[in-house]
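Input: a single structure, listed below in structure tokens.
There are 2 protein chains.
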Amino acid sequence: MTPAPWGPLSGPGHAVALDVLLDGPLSRAELSRRLDLSAGSLTRLTKPLLDAGLLVEVDDSPAGSRVGRPSRPLDIVPEAHHFVGVKITGDTAHGVLTTLRAGVVASADAPLDDHSPFAVADTVAGLISELAAGSPADVTAVGVALGGHVVEASDVVRAPFLGWKDVPLGDMLRSRTGLPVVVSNDVTALTEATHWFGAGHGAATFSLITVGAGVGFGLVAHGRLVTNEDASLGLASHHPLDPSGPPCFAGHRGCAVAMLTIRSIATQVSVALGREVAYDEALDLAEDGDPAARRVVDDAGRALGRFVAAAANFTMPERVVLGGEGVRLADVAREAMQAGLHADRDPLAHDPVIATLSPSFTEWARGAAVIAIQTFVLGT
Amino acid sequence: MTPAPWGPLSGPGHAVALDVLLDGPLSRAELSRRLDLSAGSLTRLTKPLLDAGLLVEVDDSPAGSRVGRPSRPLDIVPEAHHFVGVKITGDTAHGVLTTLRAGVVASADAPLDDHSPFAVADTVAGLISELAAGSPADVTAVGVALGGHVVEASDVVRAPFLGWKDVPLGDMLRSRTGLPVVVSNDVTALTEATHWFGAGHGAATFSLITVGAGVGFGLVAHGRLVTNEDASLGLASHHPLDPSGPPCFAGHRGCAVAMLTIRSIATQVSVALGREVAYDEALDLAEDGDPAARRVVDDAGRALGRFVAAAANFTMPERVVLGGEGVRLADVAREAMQAGLHADRDPLAHDPVIATLSPSFTEWARGAAVIAIQTFVLGT
DNA sequence: CTAGTTATTTCTACGTCAGAACTAATAGGG
DNA sequence: CCCTATTAGTTCTGACGTAGAAATAACTAG
């Protein structure tokens, strides 16, 4: 099947396709209500999309009302397009192959021993090719995400964890793979993935908080990502949380980085126990009742709750989504997190709805793929 | 002149009128660029608006390029409609009479000795009638703002400072004045006024912080107010700022209310000096170098800076607007505020653009009028 | 005085929409 | 088993809004 042409779509036709992509199978009647168009217009608008194969009629009878003529839901074909997403960390490139709906088809990693732009570009290009080779169809576009400041969806202005300044990563990968490549900030990418296909979907306003190697914060308001030129600095990551907490590398006592990162929690437990303890082991010890680990983890959980409170107080979201490699903290220290949340919330306030992502790096790589999907679907 | 009919306007005609209302005189050519319509459409769309008197051609030659045929800017007639805005505080009702563009034509206050809903409604209705009587033309609508939770733009669910629960203030005022009345939260109203006609105008995203009897926080993102059902609780007002600060009435040590409100600052300086000192006197003393006052005020300034930093870090605004009766603090303790701001910002981050409103209660009352203007102009 | 530039108007062809009338497919009741 | 009510989808048409071209207007710069 020839790939369905999203490019030339415009106006209401595009809106129809986008609504179906984002909100699963939808009948013409539902689309007419959502888009505020007449039923007749929907017939007219969907016909060329069905002819082009971009939409198909599915037999999935919705569980709704049983009276009247049954609706004929329309859906996209997720497998009509495939995308590769890569998240670059300090030591590994994590890659996924996804469908048009960001369903993960395959995943692969590649170690990054050398941080030089050329070495990284070579490794990432190899990873992309490997995933593309395993794809059942041609890859439509590639998304790459990393912690740092990216402009023009292509050029890395600054990536501290790689020691990069002004690296034209997009061009380097385009020339190596021959595929369309978009580069983006990693938190931006994860926020957009959460927005379009994840736990933030359907919420007009939500906040995303990630804990892992660092602390990330993303915001969607009125259905669009909120960002500015400083967003990639991760300004919320040094937000003060616990005046009696340990200092971070930048000297902020008890800031989010000092309280919530994997390294900080693991180090604190290691020091307390007098031996090297990894993050997951530290959480295991806390769960098993080790008092020192429990104290560190509860302090972190309380700090996380206060961070959620600050985010909710300032951004008034419908939901708060927690993610990142260290997100297990929210499970292990759930009570402490709730306590921290309530400490900085008015007793009359409703608790924010809190959703949790998988701690896997696959989520980040999927986020990168979503940026590629968005670029393909929205054009430019 | 008959009042221009905004009601029946719809679609692009409405967009034209709204753009002109918000962005001053605009030529047809500029409107065509802004609204992405052809020049011909602009002629067609503006003709009925000019005929109806809603728009007029002004002779204000713009200072722009001097080549080619001069543009004929279009403008609304601000004096075509008048609005009353009232802000209710614990002891006074502050009222203003404004034009369609929220220009203040007159203002008046009325004391509120009795907090009972009937007494307040009587007093506010009297204030509205007084301002309406002094209006050069009929008053189109009335806006009323107060600290509390308001639903349906009419019913006060909760207003702690008045001790109110479930007061149908809108109905009470409508029956007393015979005018259309909209009721709203005060911070919401000031945020909308700042958005449409004030220091936030033109910014897609900005944060508003008010300091006075309390601490208020409002957010506009992507050109729309961000709010949720808890927004009226003023959740940011107990945000922790200084672990060594005084406690607020709710027991939060060094929270925004404890650090930034007029009462708290005046009390701290009074205690330090052993005599009763009013807020403005406390700021005067700090300016004149009184060490105790200086310390309290600088602590407050630093806390304000950290509050601005938290707001900017979490909401990524283009601008931050400071307002409220106590906003002089930002002037008197500017250096401390900057220090507090920088303490919680990355050195690489740009300083947010900070604008300051007048400390007058007129600003709040004008905010209430803007809610009435919006309701009139946008319909419902 | 002429050429160049920008703004605005007028007119027309085209495309999109809502709405009405109609067909299709189901459930439920007698 | 037929009739009615209900909801979904199609076809057609008239109304409306738009872009685009062409004409006109009003100025500046030389």
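Chains as they are written, first to last, in this note's numbering: chain A, 7 to 386; chain B, 7 to 386.
Just so you know, even glycine gets a beta-carbon here, dropped at the ideal spot from N, CA and C.
Between residue i and chain A, is the shortest Cβ-Cβ distance under 8 Å, so that the two count as touching?
i, result
"F223(B)", "yes"
"E36(B)", "no"
"H245(B)", "yes"
"T52(B)", "no"
"N191(B)", "no"
"D350(B)", "yes"
"T216(B)", "no"
"V232(B)", "yes"
"E324(B)", "yes"
Is it the case that the Cβ atoms of residue i and residue j are separated by a distance below 8 Å?
i, j, result
"L32(A)", "P79(A)", "yes"
"V90(A)", "V148(A)", "yes"
"K188(A)", "A378(A)", "Reading off the sequence, residue 188(A) comes out as Val, not Lys. Cβ distance < 8 Å, so V188(A) and A378(A) count as in contact."
"A306(A)", "L279(A)", "no"
"L363(B)", "G204(B)", "yes"
"V102(B)", "T368(B)", "yes"
"T98(B)", "P84(B)", "no"
"G132(A)", "A116(A)", "yes"
"L121(A)", "L168(A)", "According to the sequence provided, residue 121(A) is His. The question's Leu does not apply to it. Yes. Within cutoff."
"A138(A)", "V130(A)", "no"
"A195(A)", "T211(A)", "no"
"A58(B)", "P11(B)", "yes"
"L27(B)", "R107(B)", "yes"
For chain B, check one thing: does any of its Cβ atoms lie closer than 8 Å to the Cβ of residue i?
i, result
"T211(A)", "yes"
"E198(A)", "no"
"L168(A)", "no"
"F320(A)", "yes"
"D236(A)", "yes"
"H228(A)", "yes"
"A316(A)", "yes"
"A355(A)", "yes"
"P31(A)", "no"
Apart from the five residues just before and just after residue i, which ones in its own chain have a Cβ nearer than 6 Å to its Cβ?
i, result
"R351(A)", "A315"
"A232(A)", "First, the amino acid is wrong: residue 232(A) is Val here, not Ala. Here the set comprises L225."
"T216(A)", "G222, G329, G330"
"H155(A)", "V163, R164, S238"
"L152(A)", "I94, A165, D192"
"P123(B)", "V173"
"G176(A)", "S160, V187, V189"
"A292(B)", "A299, R300, V303, V338"
"W170(B)", "V162"
"T200(A)", "G206, L214, V327"
"L289(B)", "R334, V338"
"R72(B)", "none"
"D66(A)", "P31, P79"
"T381(B)", "V188"
Within the same chain, show all residues whose beta-carbon is closer than 7 Å to that of residue i, passing over the 5 residues directly before and after it, in chain order.
i, result
"L43(B)", "P18"
"L37(B)", "V22, D25, L48"
"H258(A)", "H244, P246, A264"
"E136(B)", "A114"
"A336(A)", "L310, L328, M343, T362"
"L55(B)", "G19, V22, A23, L61"
Considering Cα atoms alone, identify which of the options is closest to residue i.
i, options, result
"L241(B)", "V263(B), H228(B), A151(B), G169(B)", "V263(B)"
"H356(A)", "T216(A), M322(A), L335(A)", "M322(A)"
"A342(B)", "T381(B), G332(B), S366(B), R301(B)", "R301(B)"
"R269(B)", "D66(B), R107(B), A284(B)", "A284(B)"
"V110(A)", "S366(A), F382(A), P14(A)", "S366(A)"
"L354(B)", "E324(A), R325(A), G251(A), A256(A)", "A256(A)"
"G220(B)", "G208(B), G332(B), L55(B)", "G332(B)"
"I360(B)", "G218(B), R325(B), V383(B)", "R325(B)"
Considering only residues of the same chain and omitting the five flanking positions on each side of residue i, which have a CB-CB separation below 8 Å?
i, result
"R340(A)", "G307"
"R34(B)", "A45, L48, T49, T52, S77, R78, L80"
"W202(A)", "L28, A108, V376, I379, Q380"
Decide yes or no for the touch test of the region 12 to 21 of chain B against the region 372 to 380 of chain A: beta carbon pairs closer than 8 Å, at least 3 of them.
no
Pairs of beta-carbons, one from the region 230 to 240 of chain B and one from the region 317 to 329 of chain A, closer than 8 Å: are there three or more?
yes
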